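Participant: So the sequence lines, in the order shown, correspond to chains A and B. Here this note's numbering is used: the first sequence runs in plain steps of one and ends on residue 734. Here this note's numbering is used: the second sequence runs in plain steps of one and ends on residue 228.
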Amino acid sequence: MWTLLRIELFKIFRRPRTYIPFGAIAAMILIIQLGLKFDGRSYLELMMSSLSDSFFIPYNMIMNGYLVAFVILNTLLIQVPLLVALVAGDIIAGEANMGTLRLLVIRPVSRTRLLLVKFFASVVYTVALLVWMAVLSLFLSMLLFGTNDMMIARNTVMEQIRSSDVLWRYIAAFGYAAVALSTVAALAFLLSVFADNSIGPIVSTISVVIVLTILSEMRIPLYDNTVKPWLFTSHMLAWKGFFYSQSDGQGAAIPGSVENLPAILRSLVVLLVYIFGFVTAAIVSFNKKDILS
Amino acid sequence: MKYFLIVVLGLMGAAVRAQAPDVLLQKVRARLDQVNDYQATGTMKTNVPFLKVPEAQVTVYFKRPDRLKIRNDKGISLVPRGAVTISLNNLLRGAYTVLDAGVDTAGGRTVRVIKLLPKDDNADLVLSTLYIDEPRLLIVRARTTTRENGTYEVEMSYGKYGAYALPDRVVFTFNTKDYKLPKGLTFDYDDGSKKNAPAGPARGKVELIYQSYAINKGVPDSAFQ
Numbered sequence: 442m443w444t445l446l447r448i449e450l451f452k453i454f455r456r457p458r459t460y461i462p463f464g465a466i467a468a469m470i471l472i473i474q475l476g477l478k479f480d481g482r483s484y485l486e487l488m489m490s491s492l493s494d495s496f497f498i499p500y501n502m503i504m505n506g507y508l509v510a511f512v513i514l515n516t517l518l519i520q521v522p523l524l525v526a527l528v529a530g531d532i533i534a535g536e537a538n539m540g541t542l543r544l545l546v547i548r549p550v551s552r553t554r555l556l557l558v559k560f561f562a563s564v565v566y567t568v569a570l571l572v573w574m575a576v577l578s579l580f581l582s583m584l585l586f587g588t589n590d591m592m593i594a595r596n597t598v599m600e601q602i603r604s605s606d607v608l609w610r611y612i613a614a615f616g617y618a619a620v621a622l623s624t625v626a627a628l629a630f631l632l633s634v635f636a637d638n639s640i641g642p643i644v645s646t647i648s649v650v651i652v653l654t655i656l657s658e659m660r661i662p663l664y665d666n667t668v669k670p671w672l673f674t675s676h677m678l679a680w681k682g683f684f685y686s687q688s689d690g691q692g693a694a695i696p697g698s699v700e701n702l703p704a705i706l707r708s709l710v711v712l713l714v715y716i717f718g719f720v721t722a723a724i725v726s727f728n729k730k731d732i733l734s
Numbered sequence: 004m005k006y007f008l009i010v011v012l013g014l015m016g017a018a019v020r021a022q023a024p025d026v027l028l029q030k031v032r033a034r035l036d037q038v039n040d041y042q043a044t045g046t047m048k049t050n051v052p053f054l055k056v057p058e059a060q061v062t063v064y065f066k067r068p069d070r071l072k073i074r075n076d077k078g079i080s081l082v083p084r085g086a087v088t089i090s091l092n093n094l095l096r097g098a099y100t101v102l103d104a105g106v107d108t109a110g111g112r113t114v115r116v117i118k119l120l121p122k123d124d125n126a127d128l129v130l131s132t133l134y135i136d137e138p139r140l141l142i143v144r145a146r147t148t149t150r151e152n153g154t155y156e157v158e159m160s161y162g163k164y165g166a167y168a169l170p171d172r173v174v175f176t177f178n179t180k181d182y183k184l185p186k187g188l189t190f191d192y193d194d195g196s197k198k199n200a201p202a203g204p205a206r207g208k209v210e211l212i213y214q215s216y217a218i219n220k221g222v223p224d225s226a227f228q
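Written out as structure tokens, the structure reads:
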């Protein structure tokens, strides 16, 4: 199994196009960091405009590495699924396209094992992409902007997290994001089974993610309690829940607390069920498939 | 003759009462004037409907006549604007008309109520009402109405620094504006629970509990930057 995984990883990381998402992520992060470095105050003034009349706002302290990383993740974690689809959507269909899929399945390895290895390889790629993103968005931002307490602007609440209470939340958020992105990888992987070239599954995955994300973000009562709770895109943003604190009876944030941990865990379970469902469907379909390419 | 004496005594009594608030206020101010500067450490608790911030350890710097700074050296603290501009020293500065508004109770004590009307028509402060613990010569509550930012209220409790008119605990209440950002900007995670958003502008409260004061030991100007 380990040898097969190494072979798959070798195949993924040998291709130059594998590195395009790494480059795109680096470029996007650096652009955001540069913008916030030179004009972060304007961004904060926009976010905190309704507070500035009542409070002295220490803008230079608020614009720190923790906040910058949050802004980056807020922006990028919507686009990164598309980058994940580039590799996961290619992993089976790419072999079919090159005519190597039939050669692959005649080897003395079961199709189930072969697919599981390919899916794990996609997950490893996804995690690598996320680690790259974490290094650039969090650690580089900490280096460039320093650290301090973290302020988060929500729809109706502004949250403050002590600097000593931030890092574990990022670790939890990145861990959750890995599962969320693996769900997209699993979807692309499933679609990849049905295609003979990579473009179809990649474009289909991107389309599904875009449509479902729009549906998840729309505030339409008809969908709110019927469709949205079951869309995986509705649960992909739950990483943010780790940055929402509980408050005591007097409105003060409780350090080390999470506002609604059961909801986050519920979202995690939904995503895991989706991953299991997508991968199982891919395996079942692939086992029944008459491979001609 | 009897009626004449009653009228004269009544007028004299009224004159004595009219003088008393000025005298009382001078005594209170003299007590405040003992302090040229101080550096105090304390805990700041913020209770504003749309803010979720943890308790903060703060250092408060003061220097006469009216410089006040609240700093959190270990993190960020959002300090209400009025907490700095509406200090007692600021309230008692400038020219104003003093009115005796009788007595009331505050913190279980009977207090004198004095109203200050600024003589400057363009002043931001429109009216200040001071609740003074007369035997101790301490202001225990101040309510200030401003032209631009509504009404501020400050409540003070005194302990071992009462001789310097420095409180152990200050509760500052102020008006806040509505806070709401578009969901398309924040991309909040919707966990499915019903949340009661703060309904419109509300009153915010900041509580400062002082642990210690260093009085008249000198405070560098750099502390106020």
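Don't be surprised by glycine CBs; every beta carbon is placed ideally from N, CA and C. Treat the numbers as computed from the prediction; the structure is a model and nothing was measured.
Is the Cβ of N50/B closer than 8 Å to any Cβ of chain A?
Facilitator: Chain A, which has a Cβ nearer than 8 Å to the Cβ of N50/B, makes this yes.
Participant: Secondary structure at S645/A, three-state DSSP: helix, strand or coil?
Facilitator: Of the three classes helix, strand and coil, the one that applies to S645/A here is helix, per DSSP.
Participant: Could you work out which residues of chain A lie near I3/B, taking near to mean beta carbons separated by less than 7 Å?
Facilitator: An answer regarding residue 3/B cannot be provided, because it is not within the stretch 4 to 228 covered by chain B.
Participant: Nearest-angstrom Cα distance between T624/A and V209/B?
Facilitator: Approximately 45 Å, taken between the alpha carbons.
Participant: Touch check for the segment 522–536 of chain A and the segment 493–500 of chain A: three-plus C-beta pairs under 8 Å?
Facilitator: The answer is no - the segment 493–500 of chain A does not touch the segment 522–536 of chain A, with fewer than three Cβ pairs under 8 Å.
Participant: Can you name, in chain order, every residue of its own chain whose Cβ lies under 7 Å from the Cβ of V572/A, other than the five neighbours on each side?
Facilitator: Excluding residues within five positions, none has a Cβ falling inside 7 Å.
Participant: Please report the distance separating the alpha-carbon of G16/B from that of M47/B.
Facilitator: Here G16/B scores only 47 on pLDDT, less than 50, and its place in the model should not be relied on; the value that follows carries that caveat. Computed Cα separation, rounded: 46 Å.
Participant: Which residues in the same chain as R548/A place their Cβ atom closer than 6 Å to its Cβ, once the five residues preceding and following it in sequence are excluded?
Facilitator: Cβ within range, chain order: n/a, list empty.
Participant: Classify Q29/B as helix, strand or coil using the three-state DSSP reduction.
Facilitator: Reduced to three states, the DSSP call for Q29/B is helix.
Participant: Considering only the alpha carbon of each residue, which of T62/B, L120/B and I79/B lies closest to F497/A?
Facilitator: F497/A has its Cα closest to that of I79/B, out of T62/B, L120/B and I79/B.
Participant: Using a Cβ cut-off of 8 Å (strictly closer), state whether D480/A contacts chain B.
Facilitator: No, its Cβ sits nowhere closer than 8 Å to a Cβ of chain B.
Participant: Ordered along the chain, which non-local residues of its own chain (more than five positions away) have a Cβ less than 7 Å from that of G697/A?
Facilitator: Result list for G697/A: D606, in chain order.
Participant: What's the gap between the Cα of V173/B and the Cα of S90/B?
Facilitator: Using only the alpha carbons, I get a separation of about 11 Å.
Participant: Any idea if P24/B is buried or exposed, counting beta-carbon neighbours within 10 angstroms, 16 or more meaning buried?
Facilitator: Burial call: buried.
Participant: Name, going along the chain, the residues of the segment 149–161 of chain B whose beta-carbon falls closer than 7 Å to a beta-carbon of chain A.
Facilitator: Hits within the stretch: zero.
Participant: Which word fits T667/A, buried or exposed, when buried means at least 16 other C-beta atoms lie within 10 angstroms of its C-beta?
Facilitator: With fewer than 16 other Cβ atoms within 10 Å, it is exposed.
Participant: Closest by CA to L570/A, which one among N638/A, I732/A, L518/A and Y507/A?
Facilitator: Ranking the options by Cα distance to L570/A, first place goes to L518/A.
Participant: So which of F479/A, F561/A and M599/A has the shortest CA-CA distance to S686/A?
Facilitator: It is M599/A.
Participant: Counting contacts by CB-CB distance shorter than 8 Å, is T46/B in contact with chain A?
Facilitator: Not one chain A Cβ lies under 8 Å of T46/B.
Participant: Looking only at its own chain, which residues have a Cβ that is under 8 Å from the Cβ of L12/B, when we skip the five neighbours before and after it?
Facilitator: Unreliable placement is indicated for L12/B, whose pLDDT of 48 sits below 50; no coordinate value is reported for it.
Participant: For Q22/B, decide whether its Cβ has a neighbour in chain A, counting only Cβ atoms nearer than 8 Å.
Facilitator: Only weak support is given to the placement of Q22/B: the predicted model assigns it a pLDDT of 45, under 50, and the value that follows is read from those uncertain coordinates. Not closer than 8 Å to any Cβ of chain A, the Cβ of Q22/B fails to qualify, so no.
Participant: Only counting the same chain, and skipping five residues up and downstream in sequence, which positions put a Cβ closer than 8 Å to that of R20/B?
Facilitator: Only weak support is given to the placement of R20/B: the predicted model assigns it a pLDDT of 46, under 50, and the value that follows is read from those uncertain coordinates. Correct list, in chain order: D103.
Participant: Can you confirm whether M15/B, when its beta carbon is compared against all beta carbons of chain A, has any partner nearer than 8 Å?
Facilitator: Note that M15/B scores a pLDDT of 46, beneath 50, so its modelled location is shaky and nothing firm can be said.
Participant: Which one or two residues does DSSP pair with K208/B in a beta bridge?
Facilitator: Per DSSP, N50/B and T176/B.
Participant: Is Q520/A close to chain B, meaning its C-beta is less than 8 Å from at least one C-beta of that chain?
Facilitator: No, because no Cβ of chain B sits closer than 8 Å to the Cβ of Q520/A.
Participant: Check whether the Cβ atoms of W680/A and A626/A sit closer than 8 Å, and answer yes or no.
Facilitator: Against a cut-off of 8 Å, the Cβ pair of A626/A and W680/A comes out as no contact.
Participant: Starting from the Cα of T176/B, find the closest Cα among P68/B, V61/B, E156/B and F65/B and give me that residue.
Facilitator: Of the listed residues, the one whose Cα sits closest to T176/B is E156/B.
Participant: When you compare each of E151/B, G187/B and P170/B to A126/B by their alpha carbons, which one comes out closest?
Facilitator: Among E151/B, G187/B and P170/B, the Cα nearest to that of A126/B is on E151/B.
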